[in-house]
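Undergrad:
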Amino acid sequence: MKIKKIYSPNFEKKKRSYKLIKFLIIHYTGMQSERESLIRLCSSNSKVSSHFLINQSGKAYRLVEDNQIAWHAGKSHWGKYKNLNQNSIGIELVNKGHKFGYTNFKRQQLYSLIKICKNLIRKYKIKKQNILAHSDIAPLRKMDPGEKFPWKELAHKKIGIWHSCNTKILKKFRKIRIYSKFKLEFINHLKKIGYFFDNKKKANFVKIVKAFQRHYRKELINGIIDKECLIIAKNISKKI
Ligand SMILES: [Zn+2]
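Number 213 in my numbering belongs to position 147 of the sequence shown; there are no gaps in the numbering.
1) Do you know offhand how far R283's Cα is from F77's?
2) Specify the secondary structure class of F166 as computed by DSSP and reduced to three states.
3) Under 8 Å, do S142 and I203 count as touching if we go by C-beta distance?
4) Near ligand 1, which residues have their beta-carbon closer than 7 Å to a heavy atom?
5) Residues in the same chain with beta-carbon distance under 6 Å from K305, minus the five sequence neighbours each way, listed in chain order, please.
6) Threshold first: 4 residues or longer. Then list the alpha helix (DSSP H) segments lying entirely within the segment 167-211, N to C.
7) Of the choices S154, I72 and L107, whose alpha-carbon is the least far from that of T95?
8) Express the C-alpha separation of K247 and I182 in angstroms, rounding to a whole number.
9) Buried or exposed for M97, please, with buried defined as at least 16 other CB atoms from any protein chain shown within 10 angstroms of its CB.
10) Leaving out the 5 sequence neighbours to the left and right, which residues in its chain are closer than 7 Å to N133 when beta-carbon positions are compared?
11) So, helix, strand or coil for H281, using DSSP?
12) How about L119 and S99: do their beta carbons lie closer than 8 Å?
13) Let me check understanding here. Comparing Cα to Cα, which of A126, I105 and I291 lies closest to Y245?
14) Is it true that the segment 194-213 meets the segment 137-152, where meeting means three or more beta-carbon pairs spaced less than 8 Å apart?
15) Skipping 5 residues on each side, what residues in its chain have a beta carbon closer than 7 Å to that of K249?
Here it is as structure tokens:
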């Protein structure tokens, strides 16, 4: 696959060992155009970058080399990992995002993403459960790549994990309320999966539940734990 090199100046001066690469983080650009995104990711004023950018026709750009730490994740947590830039590769997908007109990811764009991911998984032995959304590792600040990102389809190609519940049965449990003791169980499942709970602030809690829903239950993103969410969380946490 041909990948065009347009280097960004935004990365840590000190190179990293390839052994540190353990995560793939998927983003959307959330800007009006591809051109604007490319300019921002490559301008030294912006202080942001990623290793790859993939446009809607599937054209891929290399912005930062894998042994350099790009600035894509920001303040983030996953399991015992903190500030995931040093341990991850960031992949940006061109999409206007929730602010400017969120659209479906294009077939060609996903095709290129799959190719790049497969290559990185093989090269750095990335675990399935370490292929994540920006919103998973920074749920209080981020929504990308959002609920239109096809996690289920990618999981079928061994990129990321997905639950093994029957979707027709699952749907029956949507909006079904659960007792508060099960809320604690849900949180424990999410913690096992990797989500980070820093304090008991209700607003933060709702955002973490929404991040989980954006990834695993995109049909209803309301920040409320229902029985369907609980069943999915239990199923996923068993796979970790
Ligand atoms: Zn992002």
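Note that beta-carbon positions come from the ideal geometry of N, C-alpha and C, so glycine has one too.
TA: Let me lay it out:
1) 34 Å
2) helix
3) yes
4) H93, Y94, H138, H200, K208 and D210
5) I227
6) 173-190 and 200-203
7) L107
8) 42 Å
9) buried
10) K81, R82 and Y84
11) helix
12) no
13) I291
14) yes
15) I291
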